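Chemist:
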Amino acid sequence: MGLGIRALRATRSSALGRIYSTSPIYHRILSPSSPSFFRWIVTTPELQKPDAAAEPAPQPPPPPTPVGGARVQITKPEDAIEVFVDGFPVKIPKGMTVLQACEVAGVDIPRFCYHSRLSIAGNCRMCLVEVEKSPKPVASCAMPALPGMKIKTDTPLAKKAREGVMEFLLMNHPLDCPICDQGGECDLQDQSMAFGSDRGRFTEMKRSVVDKNLGPLVKTVMTRCIQCTRCVRFASEIAGVQDLGMLGRGSGEEIGTYVERLMTSELSGNVIDICPVGALTSKPFAFKARNWELKGTETIDVTDAVGSNIRIDSRGPEVMRVLPCLNEDINEEWISDKTRFCYDGLKRQRLSDPMIRGSDGQFRAVTWRDALAVVAEAAHNTKPEEIVGIVGQLSDAESMMALKDFLNRMGSNNVWAEGNGVNPQADLRSNFLLNTTISGFGKADLFLLVGSQPRVEAPMVNARIRKTIRATQAKVAYIGPATDFNYDHQHLGTGAQTLIEIAEGRHPFCSSLLSAKNPVVILGAGVFERMDKDTIISAVETIAKYGKVMRPEWKGLNVLLLNAAQAASLDLGLVPEANSSIETAKFLYLMGADDVNLDKVPGDAFVVYQGHHGDKSVYRANIILPASAFSEKEGIYENTEGCAQSTSPAVPTVGDARDDWKIIRALSEVAGVYLPYDNLEAIRCRIRVVAPNLLQMDEKEAPTVSAALKPEFTGKISKSAFGTTVENFYMTDAITRASKIMAQCSATLSKRK
Amino acid sequence: MFSPAVGRLSRRLLEIRQLFAPSQVKSLSSRSFSTALNYHIDSPDNNPDIPWDFTDANKERIKEILSHYPSNYKQSAVIPLLDLAQQQQGGWLTVSAMNAVAKVVEVAPIRVYEVATFYSMFNRTKVGKYHLLVCGTTPCMIRGSREIEDALLKHLGVKRNEVTKDGIFSVGEMECMGCCVNAPMITVADYSKGSEGYTYNYYEDVTPKRVIEIVEMLRKGEAPSVGTQNPQRIKSGPEGGNTTLHGEPKPPPCRDLDAC
Amino acid sequence: MASLIKSAFQAIKEKGIRNVVNELKEGGYGKCLLDGNLLQTKIHNIGATLVGVDQFGNKYYENMQCQYGRHRWVEYAKKDRYNASQVPPEWHGWLHHITDHTGDELLMLKPKRYSLEHRENFSGEGDEFIYHSKGHTLNPGQRDWTRYQPWQPTPKS
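Chains as they are written, first to last, in numbering that gives the first Met the number 0: chain A, 0 to 752; chain B, 0 to 259; chain C, 0 to 156.
Rendered as structure tokens:
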């Protein structure tokens with residue numbers, strides 16, 4: 000789009016220039032001083048005016064602003080060089096390419112194969128520019144900028160070069176834009192409008208290419224492919240699966256896997272975004288909507304603890320697709336397949352009406368008034384110490400706050416979030432957060448993963464680790480059950496035994512830990528559920544102390560959380576009072592908690608399930624209160640690095656569902672324990688009292704490093720191996736378990752892993 | 000005065016003639032550069048489940064080949080290794096052979112597939128024991144390579160890139176092999192004796208009659224003399240002996256190397 | 000006038016008074032007295048040629064003596080409730096001087112397999128005749144615009 004507007008501007012200004020350059024003729028003929036025997040017939044009326052040429056010459060346009068917020072950071076002043084882009088001098092650091100220099104200068108160069116996060120291929124030739132004293136047009140994406148280089152991007156030569164390249168690209172590209180899913184957001188479409196010729200000379204047959212089967216997520220129409228190899232480079236560099244390749248040569252060249260195989264990456268959906276044409280499109284989204292019909296809402300993903308920034312594209316009440324949003328600190332511009340394709344789970348198995356289980360065991364729909372009255376009565380009939388609340392994976396901070404306040408007013412303090420285990424360490428934020436931050440991984444040179452499989456637990460974290468490994472040759476060591484990594488790693492052991500050995504300095508890995516400059520230790524949140532977690536945590540802390548992992552300038556001890564609600568729940572202090580309270584509970588309030596084991600709940604307990612999906616826990620519930628999903632509400636989620644972000648509603652709630660905190664607020668009134676907040680601002684004020692950092696949106700409040708790392712570890716440690724926390728990457732929460740696409744993925748992709 | 004009209008007329012006549020001329024030239028776009036599709040379809044004799052490994056003799060040669068390259072750039076050896084695998088396999092590369100190469104050079108199999116599909120001399124479909132390659136580049140074509148190919152195909156009763164029923168011969172086309180001075184030429188890749196006795200011989204100055212003789216000699220197990228098939232010529236010298244350059248060539252007049 | 004009365008008497012004599020009255024009733028002559036349009040059409044019809052009758056019984060007249068542009072007209076079969084949408088498409092062209100082919104000729108061009116019978120416009124005739132869009136509650140085939148699938152409570156197995 001931006002390219003199109005720029006091109007328009009460029010053509011307009013050049014047209015003006017042409018008029019002005021010829022104006023002396025008009026000046027001579029039309030000026031009042033000259034004897035005008037005849038009237039000059041022109042079709043442009045402004046030229047008939049005698050003073051047309053007397054207008055001041057057009058001011059040179061102001062220096063343009065960088066494209067897309069391109070920033071230049073010149074670390075060493077002696078490394079800065081100056082180049083001239085269309086006559087404007089630009090200071091850039093040494094080593095930048097001509098294309099990047101042009102971007103800094105505010106000139107957007109058309110490109111297909113160049114992608115700022117992938118290696119440079121230079122095979123589409125669309126980015127040709129003219130460089131003074133160069134005999135040929137130069138492919139700007141692959142050409143390093145040299146001091147004093149005079150780059151010209153809008154000369155006739157550059158324009159003609161682009162036009163020619165575009166003609167070649169369109170030669171074998173089918174004219175099926177009307178039936179192409181990329182139509183409207185297609186780089187080739189936009190750039191052929193902006194830079195292409197208005198006619199083609201190609202009269203031969205176009206080639207056709209057999210479509211490849213890349214699995215249930217990516218649809219291929221390989222005839223549309225223009226061989227930019229972005230997907231090949233993405234697969235091998237970012238996703239780390241060497242599946243795709245460029246096969247054949249010349250006009251027979253095609254992208255493929257050669258042998259029949261699916262793309263088994265958890266990031267495979269991103270090839271849809273980076274494909275500049277419609278060759279790789281989304282299979283679930285195929286032929287569902289046009290991109291201009293969609294309303295985009297920038298929000299946060301909640302399927303894992305990373306909190307990837309996403310854009311929910313909706314049409315009317317329906318979520319049509321999910322796209323990534325740029326956030327350099329969290330997900331760059333990628334998202335995992337689970338984030339991208341779980342959206343159809345938002346439309347299935349939804350709880351739309353409050354329901355009460357009758358005496359016959361059947362649910363029947365009731366009104367909110369009746370439902371709340373029943374819940375309030377049940378709560379009042381229970382002893383306060385027998386009231387338990389459990390918060391699910393997808394809860395936002397507001398609803399957790401409201402539930403905790405409500406149950407506190409009822410006299411119980413047994414509120415916790417699932418996945419945190421017993422006695423979670425909620426006092427020091429550095430004990431449950433990813434202290435290094437995801438972007439901070441870039442400086443690390445050694446990773447020690449303890450019971451954590453980031454590839455399935457947090458694919459975006461894994462992508463960042465992989466990026467670091469590619470860039471700095473960092474080493475990865477791993478303790479846990481054998482699992483799939485998409486980078487080289489050293490498997491030290493499967494259980495806590497290895498951890499103890501390292502902590503006691505008996506393991507050969509200790510030497511590499513000591514020699515590492517910026518070591519990173521990542522503890523998986525799966526160990527929270529273990530009985531010996533305190534020992535494991537203190538062992539890890541011992542390693543951290545021993546390996547100088549926690550220093551004032553480098554905080555390398557991390558905990559990788561599993562779900563979106565975890566960090567905020569610990570910040571809000573959702574810590575149970577008694578360990579085994581679920582076994583004595585008589586009134587159990589489940590707020591979207593589907594992964595708690597309800598077998599131990601006494602049979603006569605009154606279970607309230609408040610949530611948006613009819614998932615596991617619904618079947619035990621006595622009463623169901625329908626709530627809204629993350630795409631339908633505004634709520635604060637804190638990601639695993641302690642960065643609070645807010646979702647925004649993209650679609651209306653389904654049926655009679657309400658926001659979680661509003662339900663609890665209404666319930667509190669029915670129950671006679673009035674909660675003093677009526678709107679989002681008020682409840683956020685309440686959150687500010689408890690955890691002020693949750694209101695600092697998009698900011699990471701650095702956790703204080705606890706100086707008193709517990710050096711000794713005592714207590715028994717079990718010899719059992721660390722468990723696999725995420726059994727099935729594609730189905731981890733209520734939304735993804737309801738999703739058909741995710742079911743397909745786990746059927747076809749997981750079994751191959 | 001007439002020239003534009005005449006030019007137009009002649010162009011039109013040319014178009015009409017081209018329209019009615021029997022199309023001898025096969026459509027360029029349908030010409031395949033390689034012997035196979037760019038993707039693999041499992042077949043009983045070519046699928047990834049067939050076990051395949053280099054022979055012990057070839058494993059020694061792999062060591063020798065790999066010693067040419069730095070140990071951290073093993074993947075540079077992919078082309079010599081593919082060639083070796085092709086010789087061992089009998090002229091073509093199965094998927095499992097390519098996988099074996101990938102294992103040796105420690106890259107993902109797709110990187111080997113990329114190389115193997117790029118180069119047209121890696122055959123990914125079965126070829127005969129004697130793979131006859133007819134040069135189809137311009138000098139040979141002018142000197143009648145099409146007739147030679149037609150004669151071969153007619154004699155063997157196959158189509159291009161097809162293997163004869165007995166599995167001995169197959170005919171393919173290739174690009175210039177640098178024998179233009181002795182055009183037309185064919186190459187015989189002899190895979191009958193494995194990678195030890197593998198030869199790759201040029202037969203130059205062939206005629207439709209001579210290629211059939213060569214084929215029959217190969218069938219009988221004889222070894223036709225390589226090089227030019229014209230008895231009048233010695234290597235690439237002119238027919239009937241030199242007509243020029245009889246004496247010792249004179250040194251360049253203005254360069255006295257001793258004086259330097 | 001005299002000839003008209005004479006022919007009327009002739010008809011009564013031939014068919015009997017009852018039949019003639021019935022015929023006049025069916026022809027809509029009774030309505031003529033109340034409906035000026037119909038009366039005018041009836042008067043117009045005198046001396047005009049009947050070009051054809053369509054499947055609904057609408058009669059198409061032509062009189063070349065009339066002013067050009069007013070020389071073709073229709074006498075609707077329905078005498079009480081007539082409107083222009085009762086003219087089937089094959090006659091529409093002839094009636095509006097689009098073509099000189101009569102509807103009977105054009106009927107032969109009508110595709111057999113997929114063509115629909117002509118229906119007049121029933122607007123204002125009641126709910127069952129009104130077009131309702133696919134989301135309208137009164138449309139019997141109302142489309143389900145619910146974009147989510149609610150959870151169905153099933154007894155715990």
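Don't be surprised by glycine CBs; every beta carbon is placed ideally from N, CA and C. This one's a predicted model, so the numbers in the text were calculated from it and none came from an experiment.
#1: Are the C-beta atoms of residue 292 of chain A and some chain C residue less than 7 Å apart?
#2: Quick check on the DSSP output: the beta strand (DSSP E) that includes residue 364 of chain A runs from which residue to which?
#3: Taking residue 147 of chain A as the query, report the chain C residues whose CB atoms sit under 9 Å from its CB, ordered along the chain.
#4: Which class does residue 92 of chain A belong to by DSSP, given the choice of helix, strand or coil?
#5: List, from N- to C-terminal side, the alpha helix (DSSP H) runs of 4 residues or more that fit wholly inside the segment 119-150 of chain B.
#6: Looking only at C-alpha atoms, which of A:495, A:546, A:500 sits nearest to residue 530 of chain A?
#7: Quick one: residues in its chain with C-beta nearer than 7 Å to the C-beta of residue 115 of chain B, no 5 flanking neighbours on either side, listed in chain order?
#8: Flag this pair as touching only if the segment 255-262 of chain A and the segment 195-204 of chain A have three or more C-beta atom pairs under 8 Å; answer yes or no.
#9: If you run the structure through DSSP and keep just helix, strand and coil, what is residue 623 of chain A?
#10: Hey, would you say residue 435 of chain A sits closer than 7 Å to residue 554 of chain A, going by beta carbons?
#11: In angstroms with no decimal places, state the Cα-to-Cα distance between residue 119 of chain B and residue 305 of chain A.
#12: So with CB distances below 8 Å, who are the chain A contacts of residue 150 of chain C?
#13: Answer yes or no: does any C-beta atom of chain A fall closer than 7 Å to that of residue 38 of chain B?
#14: Quick check for students: name the residue ranges of the beta strand (DSSP E) that lie wholly in the segment 71-121 of chain A, counting only runs of 3 or more.
#15: Spatial neighbours of residue 315 of chain A within its chain, please: CB distance less than 6 Å, with the 5 preceding and 5 following residues excluded, ordered by chain position.
#16: For residue 48 of chain C, which residues does DSSP report across the bridge?
#17: On the premise that residue 615 of chain A lies in contact with residue 148 of chain C, defined as a C-beta separation below 8 Å, what is that separation, rounded to the nearest angstrom?
#18: Is the Cβ of residue 117 of chain B closer than 7 Å to any Cβ of chain A?
#19: I need the DSSP call for residue 246 of chain A, collapsed to helix, strand or coil.
#20: State the start and end residues of the unbroken beta strand (DSSP E) segment that holds residue 416 of chain A.
#21: At a Cβ threshold of 7 Å, is residue 146 of chain C touching chain A?
#22: Is the separation between the beta-carbon of residue 590 of chain A and that of residue 565 of chain A shorter than 7 Å?
#23: Taking the CB atoms as reference points, tell me whether residue 169 of chain B and residue 196 of chain B lie closer together than 7 Å.
#24: Does the Cβ of residue 202 of chain A lie closer than 6 Å to at least one heavy atom of the ligand ATP?
#25: Can you list, in chain order, the residues of its chain whose CB lies under 6 Å from that of residue 595 of chain A, leaving out five sequence neighbours each side?
#26: Quick one: which unbroken beta strand (DSSP E) runs of 3-plus residues sit fully inside the segment 420-496 of chain A? Chain order, please.
#27: Please classify residue 255 of chain B as buried or exposed, where buried requires at least 16 other C-beta atoms within 10 Å of its C-beta.
#28: Residue 414 of chain A to residue 570 of chain A, Cα distance in whole Å?
#29: For residue 636 of chain A, write down the residues that DSSP places opposite it in a beta bridge.
#30: In chain order, which continuous runs of the alpha helix (DSSP H) of length 4 or greater are located wholly inside the segment 175-263 of chain A?
#31: Please list, in chain order, all residues of the same chain as residue 15 of chain A whose beta carbon is under 6 Å from its beta carbon, the five residues on each side excluded.
#32: Output, in chain order, the set of chain A residues within a Cβ distance shorter than 8 Å of residue 50 of chain B.
#33: For residue 640 of chain A, count neighbouring C-beta atoms within 10 Å of its own C-beta (all shown protein chains included) and say buried if the count is 16 or more, exposed if not.
#34: Provide the residue(s) that pair with residue 168 of chain B in DSSP beta bridges, ordered along the chain.
#35: Compare the beta carbon distance of residue 357 of chain A and residue 363 of chain A with 7 Å and say whether it is the shorter of the two.
#36: Roughly how far, in whole angstroms, is the beta-carbon of residue 528 of chain A from the beta-carbon of residue 654 of chain A, given that I think they are within contact range, below 8 Å?
Modeler: Answer, in terms of the structure:
#1: Residue 292 of chain A does not count as touching chain C.
#2: First-last of the beta strand (DSSP E) with residue 364 of chain A: 362-364.
#3: In chain C, no part has a C-beta under 9 Å from the C-beta of residue 147 of chain A; the shortest such distance is about 60 Å.
#4: In this structure, residue 92 of chain A counts as strand in the three-state DSSP scheme.
#5: Within the segment 119-150 of chain B, the complete alpha helix (DSSP H) segments at least 4 residues long are 137-141, listed from N- to C-terminus.
#6: Out of A:495, A:546, A:500, the CA that lies nearest to the CA of residue 530 of chain A is found in A:495.
#7: Excluding the 5 residues flanking it on each side, residue 115 of chain B has same chain C-beta neighbours closer than 7 Å at 81, 92, 97, 121, 123, in chain order.
#8: Output reads no: the segment 195-204 of chain A does not touch the segment 255-262 of chain A.
#9: Three-state result, residue 623 of chain A: strand.
#10: Result yes, Cβ atoms of residue 435 of chain A and residue 554 of chain A sit closer than 7 Å.
#11: The alpha-carbon atoms of residue 119 of chain B and residue 305 of chain A are separated by roughly 47 Å.
#12: Under the 8 Å cutoff, chain A gives 348, 349, 350, 351, 612, 613, 617.
#13: Taking a beta-carbon distance threshold of 7 Å, residue 38 of chain B counts as an interface residue toward chain A.
#14: Secondary structure in the segment 71-121 of chain A: the beta strand (DSSP E) runs of 3 residues or longer, each lying completely within the stretch, are 79-84, 87-92 in chain order.
#15: The same chain holds no residue with a CB closer than 6 Å to that of residue 315 of chain A once the five nearest residues on each side in sequence are set aside.
#16: According to DSSP, residue 48 of chain C bridges with C:61.
#17: In this structure residue 148 of chain C is not in contact with residue 615 of chain A, their Cβ atoms being roughly 18 Å apart against a cut-off of 8 Å.
#18: It does: the Cβ of residue 117 of chain B has a partner Cβ on chain A nearer than 7 Å.
#19: Strand at residue 246 of chain A.
#20: Where residue 416 of chain A is concerned, the enclosing beta strand (DSSP E) starts and stops at 413-416.
#21: Yes - at least one Cβ of chain A is within 7 Å of the one on residue 146 of chain C.
#22: Using a Cβ distance threshold of 7 Å, residue 590 of chain A and residue 565 of chain A do not count as a contacting pair.
#23: Contact: no.
#24: Absent from the structure shown: the ligand ATP. Ligands present: none.
#25: Around residue 595 of chain A: 389, 417.
#26: Taking 3 residues as the shortest admissible run, the segment 420-496 of chain A contains the following complete beta strand (DSSP E) segments, listed from N- to C-terminal end: 445-449, 474-478, 489-492.
#27: Answer is exposed; the Cβ neighbour count stays below 16.
#28: Looking at the two C-alpha atoms, the distance is approximately 13 Å.
#29: A:644.
#30: Here the runs fully enclosed are 186-194, 229-232.
#31: Only weak support is given to the placement of residue 15 of chain A: the predicted model assigns it a pLDDT of 42, under 50, and the value that follows is read from those uncertain coordinates. Non-local C-beta neighbours of residue 15 of chain A in its own chain, meaning closer than 6 Å and more than five positions away in sequence, are absent.
#32: In chain order: nothing, as chain A lies at least about 16 Å away.
#33: Buried, by the Cβ-count rule.
#34: In DSSP, residue 168 of chain B forms a bridge with B:129.
#35: In contact: residue 357 of chain A and residue 363 of chain A (Cβ atoms closer than 7 Å).
#36: No, residue 528 of chain A and residue 654 of chain A are not in contact; Cβ-Cβ is about 34 Å, not under 8 Å.
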